[in-house]
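Heads up, the thing below is written out as structure tokens.
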Amino acid sequence: MKKLASLLICLCCLCAFALAEGEIDLDSVETLTYDLGDFTIDVSVDDYVQQSEKADNAVFFVVYPDFAGSTDFNPYYNIAWTQQDLSAVFNQMEAAELAQKQLDGPVASYNAMGVAVDNAQVTRAEYSEDLSTLTMYTVMDVDYSGMGVDLQMTLHQAQVWMDLGEAGGYIFSFTAADEPGLEAMLACMDTLQFS
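Structure representation (structure tokens):
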């Protein structure tokens, strides 16, 4: 019995040593990987992330890069999922036309909230060669004074629509105060690993 107890104690000690060797120093981690079902995405440990259940036509993942929390505007990106066959939408109209329709909606919403919008324009819209992805860039000047906020700025936005066939589609939306900030956020697309 004493031998069995000694053996169990030795095994426990070995397990503790093995676990200690596999520990991760969180101070050395630069990114976290989120599994979103159809793919994973890497996010910096300095980013603020909000995640909810995936539902049709709803945003379920929001990231505020290097979130400061103290400014009037924080750049962000989000991901929405749709059951809709995006390839069918892509085949119905040119990229520029679809991008313009997508820009008209938010402009109307901003105006309805009292946010004045000027110079709203699509700066680029294109489909991938295989018609599985739409990428669009837009820019607009916004004035939040009508909402009681002393903030006037130019918003740089991008959307990437990805059709995944039977898995539905994903819409990635990025919003920043300048083009370099927008491009920096778009780099997250390079970290996608599909299941």
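Letter by letter, the sequence shown follows residues -20 to -1, 1 to 175 of mature numbering (1 follows the signal peptide of the UniProt record, and there is no 0).
Every residue gets a Cβ at the ideal spot worked out from N, C-alpha and C, and that includes glycine.
The structure presented is a predicted model; accordingly, all values stated were derived computationally and were not measured.
key: Heavy atom of the ligand NAP within 7 Å of Val43 beta-carbon   = For the ligand NAP, the structure offers nothing, since it holds no ligand at all.
What residue does the beta strand (DSSP E) around Asp84 start on, and which one ends it? It is not in any beta strand (DSSP E) - Asp84 instead sits in the alpha helix (DSSP H) that spans Ala75 to Ala92.
### Nearest-angstrom Cα separation, counted from Gly161 out to Asp26
15 Å
Please list the terminal residues of the continuous alpha helix (DSSP H) segment that includes Gly161. Glu159 to Leu166
Check: Are the stretch 130 to 138 and the stretch 106 to 119 touching, with three or more C-beta to C-beta distances below 8 Å?
Finding: yes
Please confirm whether Ala147 and Asp18 have their CB atoms less than 8 Å apart. Yes, they are a contact pair.
Note to self: Please state the DSSP three-state secondary structure of Leu111.
What the structure shows: coil
Alpha-carbon to alpha-carbon, Gly149 and Leu66:
6 Å
Exercise for the section: Please state if the CB of Val95 and the CB of Ser49 are separated by a distance shorter than 8 Å. Expected result: The question names Ser, but residue 49 is Gly in the sequence shown. No. Outside cutoff.
Point to revise | Touching by the beta-carbon criterion (3+ pairs, under 8 Å), the stretch 67 to 77 and the stretch 101 to 108 | key: yes
How is the alpha helix (DSSP H) around Ala68 delimited, first residue to last? Leu66 to Gln72
Name the DSSP bridge partner or partners of Asp123? Ala96 and Gln132
* Asked: With DSSP run on the structure shown, which of helix, strand or coil describes Asp170?
  -> helix
message = Quick check: what's the CA-CA separation for Ser175 versus Asn71?
response = 26 Å
### Message
With distance defined between alpha-carbon atoms, name the residue in Asp143, Ala157 and Phe154 nearest to Gln63.
### Response
Comparing Cα-Cα distances from Gln63 to each of Asp143, Ala157 and Phe154, the minimum goes to Asp143.
_If I measure Cβ to Cβ from Asp98 and keep anything under 6 Å in the same chain, skipping five residues before and after, which residues do I get?_
Asp121
Discussion item. Please classify Thr113 as buried or exposed, where buried requires at least 16 neighbouring CB atoms within 10 angstroms.
Written reply: buried
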